[in-house]
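*Asks:* Take a look at this one; I'll ask things after.
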Ligand SMILES: [Zn+2]
Ligand SMILES: [Zn+2]
Ligand SMILES: [Zn+2]
């Protein structure tokens, strides 16, 4: 499996739209990997994870053909992960001659109802020919072609079951853990039984400890040590930190060498990894 990180920021983007804080000014000054757009990844160039407002920019930046995208996994309804208005652009007269006629959008019940609402309000006849909301359930695996996907519970919002995803293909497995705090007990129990070749985790607050809603690096170190003890990762498992906010204060160039010494890969927009 290949994973490409298209956007690696939290909701604000980095530098943030209206912000002049020191962390945003530093990112503007140094550019490159310090510039982060909103959260999105793609597996094997075909399975998309999340649909932020920066999706259009990502297609241009990475020369991606989204007319061939047939499946999108959505983690939760925060706007930096799901911007349903752009889903309508799949339908005529906004798009013609797609390689794939229809996109299935997988997520929790909030995602399905938000998407249905956007479809109903679009005024487009037969919009259901282009977009299919698919409600998937926590801890119940489903398949998309060669992929087996299991939604796990995140610690992120009190009023919504936010998902993180276990994605498996050809005997290799990755954990896509954005956005979440420390894993809830049901998820921790599930993870204990499972081996991962790549683990990608929320590091919204950089070096600052953070337990609920999001994570900071000290908590991620704790998660990694526990997973190593449980044997559900080993020294070959790639550990990635991702989803950064300027509130974490440390730009990529300062964070990446420190994180590397601790055994973590710091994600940046465009990073591609293979397992
Ligand atoms: Zn987010
Ligand atoms: Zn800022
Ligand atoms: Zn969120």
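Numbering (the working numbering), first residue to last: 341 to 615. Cβ atoms here follow ideal geometry from the backbone N, Cα and C, with glycine treated the same way. Computed from a predicted structure; not experimentally measured.
Is there at least one non-hydrogen atom of ligand 2 closer than 8 angstroms to the beta-carbon of residue 592?
*Replies:* Taking the first residue of the chain shown as 1, we reach residue 592 at position 252. Residue 592 Cβ: outside cutoff for every heavy atom of ligand 2.
*Asks:* Between the Cα of residue 478 and those of 470, 492 and 472, spot the shortest distance and give me the residue it belongs to.
*Replies:* Taking the first residue of the chain shown as position 1, residue 478 is located at position 138. The shortest Cα separation from residue 478 among 470, 492 and 472 belongs to 492.
*Asks:* Taking all protein chains shown into account, do 16 or more other C-beta atoms lie within 10 angstroms of the C-beta of residue 436, making it buried, or fewer, making it exposed?
*Replies:* Within the chain shown, the letter at position 96 stands for residue 436. Per the 10 Å Cβ criterion, exposed.
*Asks:* Given a threshold of 16 other Cβ atoms within 10 Å of its Cβ, counted over all protein chains shown, does residue 468 qualify as buried or as exposed?
*Replies:* By 1-based counting over the chain shown, the position of residue 468 is 128. Exposed is the call here.
*Asks:* So is residue 361 buried or exposed if we call it buried at 16+ other beta carbons inside 10 Å?
*Replies:* What you label residue 361 is simply residue 21 of the chain shown in a count that begins at 1. Label assigned to residue 361: exposed.
*Asks:* Pull up the CB-CB distance for residue 380 and residue 390, whole angstroms please, since I reckon it's below 8 angstroms.
*Replies:* Along the chain shown, one-based indexing puts residue 380 at 40. Along the chain shown, one-based indexing puts residue 390 at 50. 5 angstroms between Cβ atoms; contact.
*Asks:* Between residue 502 and ligand 2, is there a pair consisting of the residue's CB and a ligand heavy atom that are separated by less than 8 angstroms?
*Replies:* Reading the chain shown from its first residue, position 162 is the one you call residue 502. No - ligand 2 has no heavy atom lying nearer than 8 angstroms to the Cβ of residue 502.
*Asks:* Whose CB is closer than 5 angstroms to a heavy atom of ligand 2? List the residues in chain order.
*Replies:* In chain order, the hits are 356, 359, 361, 364 and 586.
*Asks:* Name, in chain order, the residues that DSSP records as bridge partners for residue 447.
*Replies:* Working through the chain shown from its first residue, we reach residue 447 at position 107. Per DSSP, 475.
*Asks:* Return helix, strand or coil for residue 341, following the three-state DSSP convention.
*Replies:* In the chain shown, the residue the question calls residue 341 occupies position 1. Residue 341 falls in the coil class under three-state DSSP.
*Asks:* Taking 8 angstroms as the line, does the beta carbon of residue 420 fall inside it for any heavy atom of ligand 3?
*Replies:* The residue labelled residue 420 in the question sits at position 80 within the chain shown. Indeed, a heavy atom of ligand 3 lies less than 8 angstroms from the Cβ.
*Asks:* Spatial neighbours of residue 425 within its chain, please: C-beta separation below 7 angstroms, excluding the five flanking residues on both sides.
*Replies:* The count along the chain shown starts at 1 and reaches residue 425 at position 85. Counting only Cβ-Cβ distances below 7 angstroms, and skipping sequence neighbours, we find 458.
*Asks:* Helix, strand or coil for residue 402? Go by DSSP, reduced to three states.
*Replies:* By 1-based counting over the chain shown, the position of residue 402 is 62. Of the three classes helix, strand and coil, the one that applies to residue 402 here is coil, per DSSP.
*Asks:* Does the beta-carbon of residue 519, which I'm using as the reference point, lie nearer than 8 angstroms to any heavy atom of ligand 3?
*Replies:* Residue numbering aside, residue 519 sits at position 179 when the chain shown is read from its first letter. Yes - ligand 3 has a heavy atom lying nearer than 8 angstroms to the Cβ of residue 519.
*Asks:* What runs of the alpha helix (DSSP H), each 4 residues or longer, lie entirely inside the region 385-443?
*Replies:* Taking only runs of at least 4 residues, the alpha helix (DSSP H) segments lying wholly in the region 385-443 are 395-401.
*Asks:* Note the first and the last residue of the continuous alpha helix (DSSP H) segment covering residue 352.
*Replies:* To locate residue 352, count along the chain shown from 1; it is residue 12. No alpha helix (DSSP H) contains residue 352, which DSSP labels as neither H nor E.
*Asks:* Are the CB atoms of residue 582 and residue 541 nearer to each other than 9 angstroms?
*Replies:* As a working note, residue 582 is residue 242 in the chain shown. As a working note, residue 541 is residue 201 in the chain shown. Yes; because the gap between Cβ atoms is below 9 angstroms, this pair is in contact.
*Asks:* Taking the alpha carbon of residue 429 as the point to measure from, which residue in 418, 441, 421 and 420 has its own alpha carbon closest?
*Replies:* Residue mapping note: residue 429 aligns to position 89 of the chain shown, counting from 1. The shortest C-alpha separation from residue 429 is found at 441.
*Asks:* So for residue 587, helix, strand or coil by DSSP?
*Replies:* Walking along the chain shown from the start, residue 587 turns up at place 247. In this structure, residue 587 counts as helix in the three-state DSSP scheme.
*Asks:* Alpha carbons only, please: which of 613, 534, 508 and 497 is nearest the one belonging to residue 522?
*Replies:* Within the chain shown, residue 522 is the residue found at index 182, counting from 1. Comparing Cα positions, the closest option is 497.
*Asks:* By Cβ distance below 6 angstroms, which residues in the same chain neighbour residue 344 in space, the five residues on each side in sequence not counted?
*Replies:* Along the chain shown, read from residue 1 onward, the residue named residue 344 stands at position 4. Counting only Cβ-Cβ distances below 6 angstroms, and skipping sequence neighbours, we find 382 and 612.
*Asks:* Compute the Euclidean distance between the alpha carbons of residue 352 and residue 466, then round it to the nearest angstrom.
*Replies:* Counted from its first residue, the chain shown places residue 352 at position 12. Counted from its first residue, the chain shown places residue 466 at position 126. Straight-line Cα distance between these residues: approximately 35 angstroms.
*Asks:* Got a sec? Which residues, its chain only, sit under 6 angstroms from residue 446 by beta carbon, not counting five neighbours each side?
*Replies:* On the chain shown, position 106 is the one that residue 446 refers to. Excluding residues within five positions, the ones whose Cβ falls inside 6 angstroms are 413, 474 and 476.
*Asks:* So within the region 511-574, which uninterrupted alpha helix (DSSP H) runs reach at least 4 residues, ignoring any that extend past its ends?
*Replies:* The region 511-574 contains these whole alpha helix (DSSP H) runs: 525-532 and 557-570.
*Asks:* Could you pull the DSSP bridge partners for residue 613 from this structure?
*Replies:* Residue numbering aside, residue 613 sits at position 273 when the chain shown is read from its first letter. The partner list for residue 613 (beta bridge, DSSP) reads 343.
*Asks:* Does ligand 3 have even one heavy atom less than 8 angstroms from the beta-carbon of residue 408?
*Replies:* Looking up residue 408 in the chain shown gives position 68. Because no heavy atom of ligand 3 lies under 8 angstroms away, the Cβ of residue 408 does not count as near it: no.
*Asks:* Rounded to a whole number of angstroms, what is the C-alpha to C-alpha distance between residue 355 and residue 568?
*Replies:* Taking the first residue of the chain shown as 1, we reach residue 355 at position 15. Taking the first residue of the chain shown as 1, we reach residue 568 at position 228. Computed Cα separation, rounded: 35 angstroms.
*Asks:* According to DSSP, residue 578 sits in a beta bridge with which residue or residues?
*Replies:* Locating residue 578 in the chain shown gives position 238, where the first residue counts as 1. DSSP, once it has assigned bridges, lists 538 as partnering residue 578.
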